[in-house]
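Each remark here refers to the structure printed beneath this line.
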Ligand SMILES: [Zn+2]
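Residue numbers (my numbering): 308 to 584.
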């Protein structure tokens, strides 16, 4: 869970996007236009929080349908596909929810079933991996502690928030968990992140990537990647620093590298259990 600079995506202003999505001649006019402009402003003011943004009675009815349908215009080859492309570029190859590598789906931060008025509002569209998208509820939640993090509007400090338990027996495993003592500043933010971590089940989401990651580093240590005589722990710690500088201190790979660097058994040769024969 992290903060992304939405402005950097460079998508068109919301009303322009909506007009384009609805198509020539179908743009909202008069009072509905004023109303949706106000709803967009309210969305920003409430930081897209489902416990604060009220559902619109007007757009929950028939007038919301064409907007909900206009979401299809974000698909490849359609009128506002550029929005999807820009957001995917902004997110890169890291799901903003779990940190996994395939954020290929577009999630409606506020679900379009409850909020059709925000179906094509770019700031409401977040690329997620399939797992996170599937596990996020598509219903409105009233409890502020259960509001998912809005990667464009919430501010998540770049501090470590994962604990990692390294276990070694026949092989080596790294079990990640949400750190209840993370220095996130706000108690509500921490509760929301802990809830999201559990809901999307981050450890399961990342399970296969974690195995690959451990094997990759065991290979690096055993192979030519390590200068002669360099301590394994220094290699792991400096790799963690490098990854953190690029992708943030809260990134799961950084947390795992730091835990491995601090694990004497792993550094003294425990990594060999990960090497393929
Ligand atoms: Zn994910």
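All C-beta atoms in this analysis are idealised placements derived from N, C-alpha and C, irrespective of residue type, glycine included.
Proximity of the stretch 365-375 to the stretch 410-426 meets the contact definition, three or more beta-carbon pairs being nearer than 8 Å. Counting C-beta atoms within 10 angstroms of its own C-beta, residue 361 has fewer than 16 neighbours from the protein chains shown and is therefore classed as exposed. For residue 414, the beta-bridge partners assigned by DSSP are 433.
Counting only heavy atoms of ligand 1, the residues whose C-beta sits closer than 5 Å to one of them are, along the chain, 402, 404, 405, 407, 436, 439. Here residue 567 has 543, 573 as same chain residues with Cβ atoms under 6 Å from its own Cβ, once five neighbours each way along the sequence are excluded. Rounded to whole angstroms, residue 374 and residue 325 show a C-alpha spacing of 8 Å. In the structure shown, residue 546 falls within a helical segment according to DSSP collapsed to helix, strand and coil. Cα atoms of residue 427 and residue 530: separation of roughly 49 Å, rounded to the nearest angstrom.
Burial check for residue 512: the Cβ neighbour count within 10 Å reaches 16 or more, so the residue is buried.
Per the DSSP secondary-structure output, residue 469 pairs in a beta bridge with 485. The criterion of a C-beta distance shorter than 9 Å is satisfied by residue 540 and residue 569.
With at least 16 other beta carbons inside 10 angstroms of its own, residue 429 counts as buried.
Given a length threshold of 4 residues, each whole run of the alpha helix (DSSP H) inside the stretch 345-396 is given here in chain order: 364-367, 372-377.
Between residue 577 and residue 482, the C-beta gap is not smaller than 9 Å, which leaves the two residues out of contact. Contact between residue 339 and residue 398 is ruled out by a C-beta separation of about 31 Å, above the 8 Å threshold.
Residue environment for residue 387: buried (at least 16 other C-beta atoms within 10 angstroms of its C-beta). In the pairwise beta carbon analysis, the stretch 395-409 is classified as not touching the stretch 328-336: fewer than three pairs are separated by under 8 Å.
Going by DSSP, residue 517 is part of the alpha helix (DSSP H) stretching over 509-529.
The C-alpha of residue 346 lies about 11 Å from the C-alpha of residue 355. Taken through DSSP and simplified to helix, strand or coil, residue 420 comes out as coil. Only exposed fits residue 488, as fewer than 16 other CB atoms lie within 10 angstroms of its CB. In its chain, beyond the 5 residues on either side, 525, 529 have a beta carbon closer than 6 Å to the beta carbon of residue 582.
For residue 398, DSSP assigns no beta-bridge partner whatsoever. Residues of the same chain with a CB within less than 6 Å of the CB of residue 580, apart from the 5 flanking positions on each side, are 478, 479 in chain order. Residue 308 places its beta carbon 9 Å or farther from that of residue 444.
For residue 480, the secondary structure class from DSSP, reduced to helix, strand or coil, is strand.
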